[in-house]
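Engineer: Pasting in a structure now, in structure tokens, and then I'll have a few things to ask.
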Amino acid sequence: MSKFFTTGTDSESDSSSEEEQVQRAPATAFTFSDEEEETKRVVRSTKEKRYEELTNLIKLIRNYKKIKDMSSMLSTFEDLKKAYEKAQTVVMKEEGGQTPRFYLRCLVEMEDFINEVWEDRESRKNMSKNNSKSLTSLRQKLRKYNKDFEEEIVKFRENPDQDDDEEEEKQEEEEESEDDEDRVSSFKKSGSEVSVADASKFKKTPTTGDDQSESDSDWGSDSESESESSEDEGQYQNIRERFIKKATDKDEEEEKAKKKEQRKERKDKERKKKRDEDDGEGEWETVKGGVVVPSEKPKMFAKDADITVPAVLKKLSEVIAARGKKRTDRREQIELLHELRSIAEVHNLGPAVVVKIIFSIVSSIFDYNPKVSDAMKPEYWSKLLDRITEMLEMLLANPDMQIAEHISEDAEEFENPPFKVHGCVLTLVERLDEEFTKLLKECDPHSNEYVERLKDEKQVANIIDKVQAYLERHGGVSELCRVYLRKIEHLYYKFDPNVLKQKDGEVPADVVTSVQVMEKLCKYVYANDGTDRLRTRAILSHIYHHALHDNWFQARDLMLMSHLQETIQHSDPATQILYNRTIAHLGLCAFRHANIKDAHNCLVDLMMTGKVKELLAQGLLPQRQHERSKEQEKVEKQRQMPFHMHINLELLECVYLVSAMLIEIPYMAAHEFDARRRMISKTFYQQLRSSERQSLVGPPESMREHVVAAAKAMRNGNWSACNNFIINEKMNAKVWDLFYQADKVRAMLTRLIKEESLRTYLFTYSHVYDSISMPTLADMFQLKRAVVHSIISKMIINEELMASLDDPSETVVMHRSEPSRLQSLALQLTDKVNNFVDSNERIFEMKQGFSRGGNQGNFRDRQNYNRQGADWGRSRRERDRNREETRNY
């Protein structure tokens, strides 16, 4: 080819042409060979190779994550670490030493996934042995590996939603450049088929590469095109490339810019969609210069439209119809309803229409939060309170207006009185009360935010009062019972000091106190409630309120008459929690009235379990051995009481332990050598025993240690040391100052300690004395002589103390009937041997009776057995008589 198309003279030798052929052959074959174009070689940089290896491994890890294949994920993670070590040089060069964002994302996703699987104990149980081992080792290795990237992972977690923009753009640009190369190569390929006439349209480019000559020279003729050489073909190839490049430079730039914008828009849409799904808030408002640009109010009606009640109601039904649909913007719906309300008020369409629209606004605000378990946002909470208050004020201001659930939508009347609207204000108030509880539980109880939120309770209580006033006018009996119970539940746990002042005569009797209000509300529920649940809750709240105000006998009698302790286990969890709270306060009330046994009996069931916090719904204990699943834990958290309704657990435990001490220590002293002695309070007994096992006991620090130290002092009859351990500055600050009229409680406690210490002293040391002077005992325990006389008399009557009183000399004469330590141990041994012999005799007789066959034999054996049993009973009675004589001796 080059031989015939050369531009040289005829005198050139064949050798030169051959050399040219040798030199040009590979270039021509490389450019125009179809076979080599089919197998296209792609030259890639080191960065592309390393990053591609990393991304492929990350894809594998994500696939294994979906199917929870831990062993494969572990091996792939090892490969990923090695691949990243290989790519370190590229990372240092390209990223400036910073870890690529896609790699950090993979590490964070793996860490979150492994933590989630690790916490889900049920799924771990179901894993195979291999997977379980792999999970453990993968968790350890990933933790260790992530420490090297700790700071970068923290920064990534601060803004995890940010996409890996730079890498994506680079990848897309590379893809685009590859597409461009493909287009160019395809053009080159098709260039061999371009006709010579078409090729003549291109200008010959001089070898100097001067581009200015393009405008001065001609495009060439047909004769020139026929005499083109292979060199010109190479030149034309360069011309094509330059022409394509010049012609398409601007287009490519524009395309790239457009693609970039499209990518950006697509990502913005995805982010917006994700954000909307997360919080359901819709679009963000555009801010310019620090000022929010007000969005245009939606146009509800055309300018010339006739705005009437039917038109507004039709528009209202259209807005409400979109409620709950997938693409509905909840905030926009609330704005539309507010706009509709303002239109109705401007055109004076009547109060019934406005009430109907406000009712829909309140329902939309309730629906604004997509998750029912989450608390409402504070700004919507304040709007909700305002709207409900406005609606109730309109209802109370218009006696002719009625809103009720039994009114159907067809029977609604908006234009002429009496107005009738379909709806239920009681349901709204119950939902409002639940939302208020959620808001309180959402706040940190030790922050000012909780205090600010708690101030809203006054407004909530006012709303309940307004609903009560409305329902007393238009509602039924069942609705009144429900609203009364709501009011009771906001009142029963609040202390009213006027109640105690009224008892003392400081406040006139005609002043209405919370006890009288509770009495009125609860009695109405007792008489008219058709469901047991409302009555049960009303009774428990009434008992709680009585106990809170030291009405011990009323609270006790109401509890005993209701028989709730027999049926409470069949109630719902919320009612059971209220029962536990009521029993706790009943025990505290009994303690304040010095009824120590009643206080102990009330509190023992709560304190024996060790789960007081859970029983009173004041928190969850850390679970042991899969006690509850995640769903159960979530449900239990929703049942928790708000912080301001909590009962102080340390106060409760202290009252229980002190009550147990006052009962248990005298009993232990009286039955020191009795083998059949029973424990009255297991919890207190364990505390005492654990303290005795300690080799070195220091001064008490915690509340329990103070009570144990006091118990040890009481055991020795040292009432003053006991009193000092129970009543001191530390215990006052922790426990006793929490009581109303704390000085009275402390005085009562000191008196009880003196009396029980006297009883313990007499039980412990009575065998030492022949007689004891009562005035001496009165001085020793700082009690009145009449009190000492009364205590000793009761002990003698109850046969706790074998003694007699000598009134002229005021002494207690001991009868010396108590056995010595050796005698007591001998009696214990005798009892045990007798029991052992009796059990052996019974076993032997049963074996002897059943060894004989036949019905007659069985009948005779049974008769013999009964006769032997009677003989055994007689011998037992004789032994008991002998034992009693021995004891008396």
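The sequence shown begins at 0 in numbering that gives the first Met the number 0 and counts up one residue at a time. The beta-carbon is built from N, C-alpha and C at its ideal position, and this holds for glycine as well.
1. With distances taken between CB atoms, is the gap from Phe358 to Val420 smaller than 9 Å?
2. Under a Cβ-count criterion, where at least 16 other Cβ atoms within 10 Å of its own Cβ denotes burial, should Leu757 be classed as buried or exposed?
3. Is DSSP giving Glu700 helix, strand or coil here?
4. State the start and end residues of the unbroken beta strand (DSSP E) segment that holds Ala403.
5. What runs of the alpha helix (DSSP H), each 4 residues or longer, lie entirely inside the region 723-789?
6. What is the C-beta distance between Glu663 and Phe683, in whole angstroms, given that I count them as a contact (C-beta under 8 Å)?
7. To the nearest angstrom, how far is it from the Cα of Phe76 to the Cα of Glu260?
8. So, is Asp119 buried or exposed, given that buried needs 16 or more other C-beta atoms within 10 angstroms?
9. Among Tyr739, Met747, Met91, which residue has its Cα nearest to the Cα of Thr45?
10. Of all the options Lys831, Asn594, Asn114, which has the alpha carbon lying nearest to the alpha carbon of Ser136?
11. In whole angstroms, what separates the C-alpha of Ala777 from that of Asp604?
12. What do you reckon, is the C-beta of Leu620 under 8 Å from a heavy atom of the ligand FMN?
13. Indicate the three-state DSSP secondary structure (helix, strand or coil) for Glu798 in the structure shown.
14. With DSSP as the reference, please indicate the residues paired to Glu456 in a beta bridge.
15. Can you tell me which residues form a DSSP beta bridge with Asp805?
16. Pull up the distance between the alpha-carbon of Val836 and that of Gln693, whole angstroms please.
17. Which runs of the beta strand (DSSP E), 3 residues or longer, sit entirely within the region 416-488?
18. Starting from His337, trace the alpha helix (DSSP H) in both directions and tell me its first and last residue.
19. If you draw a straight line from the C-alpha of Gly281 to the C-alpha of Ala320, how long is it?
20. Distance, Cα to Cα, Pro621 vs Arg452?
21. DSSP state of Glu671, grouped into three classes?
22. Which residues share a DSSP beta bridge with Glu412?
23. Is Arg49 near Lys80, with beta carbons less than 9 Å apart?
24. Can you tell me which of Val734, Arg750, Val657, Ala669 puts its alpha carbon nearest to the alpha carbon of Glu710?
25. Our contact map puts His814 next to Met801 with C-beta atoms below 8 Å; I'd like the distance itself, whole angstroms only.
26. Does DSSP put Pro377 in a helix, in a strand, or in coil?
27. Using the rule of at least 16 other Cβ atoms within 10 Å of the residue's Cβ for burial, across every protein chain shown, is Asn579 buried or exposed?
28. Since Glu94 is in the alpha helix (DSSP H), which residue starts that stretch and which ends it?
29. State whether the region 711-719 contacts the region 463-480, with contact taken as three or more CB pairs (one from each stretch) at a distance under 8 Å.
30. Excluding sequence positions up to five away, which residues of its chain have a Cβ less than 7 Å from the Cβ of Val510?
31. Going by DSSP in three states, His545 sits in which element: helix, strand or coil?
32. Residue ranges of each alpha helix (DSSP H) run of no fewer than 4 residues wholly in the region 630-686, ordered along the chain?
33. Here's a check: name, in chain order, each residue in its chain whose Cβ is nearer than 7 Å to the Cβ of Lys753, leaving out the five neighbours to either side.
34. Starting from the C-beta of Arg859, find all residues in its chain whose C-beta is less than 6 Å away, skip the five residues before and the five after it, and write them out in chain order.
35. May I have the straight-line CA-CA distance separating Lys465 from Ile387, to the nearest angstrom?
Structural biologist: Reading off the structure:
1. yes
2. buried
3. coil
4. 401-403
5. 728-733, 741-764, 773-780
6. 6 Å
7. 36 Å
8. exposed
9. Met91
10. Asn114
11. 37 Å
12. The ligand content of the structure shown is nil, which means the ligand FMN is not present either.
13. coil
14. Answer is none; Glu456 lacks a bridge partner.
15. Thr810
16. 38 Å
17. 419-421
18. 329-345
19. Residue confidence for Gly281 is low, a pLDDT of 42 falling below 50, so the modelled location carries little weight; the figure read from the coordinates is stated next. Those two C-alpha atoms are separated by around 19 Å.
20. 29 Å
21. coil
22. Lys419
23. no
24. For clarity, residue 710 is Ala in the given sequence; the question names Glu instead. Minimum Cα distance to Ala710 is reached at Val657.
25. 4 Å
26. helix
27. buried
28. Element bounds for Glu94: n/a, residue is neither H nor E.
29. no
30. Asn497, Gln501
31. helix
32. 648-669
33. Trp718, Phe780, Gln781, Leu782
34. Reliability of the predicted coordinates at Arg859 is poor, the pLDDT of 49 falling under 50, and no value is obtained from them.
35. 10 Å
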